[in-house]
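If you want the numbering used here, it's the position in the sequence shown, counting the first as 1, plus 10. Ideal placement from N, C-alpha and C gives every residue a C-beta, glycine not left out. These figures come from a predicted structure and were not determined experimentally.
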Amino acid sequence: MPVDVDVRLLTELEPSVEKLYERHLRQTKEWHPHALVPWSRGEDYPADYEWHPEDAGLSPEARSALFVNVLTEDNLPYYFRDIERMFGRDGAWGHWVRRWTAEEGRHGQVIHDYLAVTRAVDPVSLERARMAQVQSGEAPAPPDALEGLAYVTLQELATRIAHFNTGQHITDSAGRAIMRRVAFDENLHFLFYRDTMAEALEMDPSRAVVAIANQVKGFAMPGVGIAGFDAHARTIADAGIYDLAIHHDQILQPVLLRDWKLPSLTGLSAVAEAARERLMKLIDRIGRVGRIMVERRAERWARTSQDRRLDRLWPKGWSHAPATKADSPRH
11 MPVDVDVRLL TELEPSVEKL YERHLRQTKE WHPHALVPWS RGEDYPADYE WHPEDAGLSP
71 EARSALFVNV LTEDNLPYYF RDIERMFGRD GAWGHWVRRW TAEEGRHGQV IHDYLAVTRA
131 VDPVSLERAR MAQVQSGEAP APPDALEGLA YVTLQELATR IAHFNTGQHI TDSAGRAIMR
191 RVAFDENLHF LFYRDTMAEA LEMDPSRAVV AIANQVKGFA MPGVGIAGFD AHARTIADAG
251 IYDLAIHHDQ ILQPVLLRDW KLPSLTGLSA VAEAARERLM KLIDRIGRVG RIMVERRAER
311 WARTSQDRRL DRLWPKGWSH APATKADSPR H
């Protein structure tokens, strides 16, 4: 059951949740994981099979992203536990919680089947990581419904962006189609939560602003418990699949500033005003750091590209830039 302090708000939100749930059902489209998986490319795994990167046909960043994406989806039991705890199991809220869970279940299924059929990642490492991830039970656990709404709004949009951008790094048409399909679902989930939170901002703006500020400050993607997550996250960020600049430009600014209109809210309590002020400064700081990271990444790419051009220009073992005429190679 939701914590007592949220019962009144959840009850007041129920009519809006019912309408948003009905909108979701109209917008979603039925699809079947088995229809998207390229089964004809599958083959039996011999008992002594050992995976090698060349089996994948994917770039390292695409492998890292798929590895993190599917293990994130595997933690669904804990997400269900938490959203049922925060939002309840009865009425429109309960209908949404169960529908969301059913839709999310397809995401892990279709990505898992695709990875197994195409051998895109090491199946042994993936299964060991899945066992560790699910056994650990580590997942974000917002303390109440308002913080939960703030978190899942940001998280669903972040997940949609990460899934879609992962697909852009997959040359295989089947893999791209799967990630687009999953991203479409995640976008509908984001819209539900975004608009529910907008309603909450009208009903209880001060508490809602404090909740949003808390979740932006402590935001972490749900895959933080994955083995090797930090290394995978760096690879994903370096590839431009998901990084701090994307978090600022495509999540914080459009949702908090445009959709929820936080800068123009009036009638806030002193605590909420202080929280909003801190939040605006934090958004600016995240934007600055994100831009610096993008600039540094561009510089690294430029240096790498230059090194590759020089490697093609000069035969192996020769200096890239002869310092003197005497040092120049003779023909």
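{"Query": "Assigned secondary structure, D337 (DSSP; H/G/I helix, E/B strand, else coil)", "Result": "For D337, the predicted structure reports a pLDDT of 43, less than 50, and the residue's modelled location is therefore unreliable. The matter cannot be settled from this model."}
{"Query": "Three-state secondary structure (DSSP) of Y124", "Result": "helix"}
{"Query": "Whole alpha helix (DSSP H) elements within the region 72-97, 4-residue minimum", "Result": "86-97"}
{"Query": "Chain-order list of residues whose beta-carbon lies under 7 Å from that of G277 (same chain, five-residue window excluded)", "Result": "P215"}
{"Query": "Supposed close pair A210, L76 - CB separation, criterion 8 Å", "Result": "Between L76 and A210 the Cβ distance is about 34 Å, and since that is not below 8 Å, they are no contact."}
{"Query": "Spatial distance of S26 from A102 (CA atoms)", "Result": "9 Å"}
{"Query": "Length of the line joining the Cα atoms of E212 and L201", "Result": "17 Å"}
{"Query": "Contacts around V127, its chain only, beta-carbon distance under 8 Å, and the 5 residues preceding and following it disregarded", "Result": "V47, P48, W49, R51 and G52"}
{"Query": "Spatially closest choice to M231 from A151, F194 and I302, by CA coordinates", "Result": "A151"}
{"Query": "Continuous alpha helix (DSSP H) stretch holding T163: start and end", "Result": "A155 to Q178"}
{"Query": "Proximity test, Cβ basis, 8 Å: Q145 and chain D", "Result": "The question asks about chain D, but that chain is absent: this structure has only one protein chain."}
{"Query": "H42 versus V192, A221 and H199, residue with shortest Cα-Cα distance", "Result": "V192"}
{"Query": "Distance CB(P70)-CB(T245) smaller than 8 Å", "Result": "yes"}
{"Query": "Cβ-Cβ distance between L289 and A221 below 8 Å", "Result": "no"}
{"Query": "CA-to-CA distance, L86 to A66, given in whole angstroms", "Result": "26 Å"}
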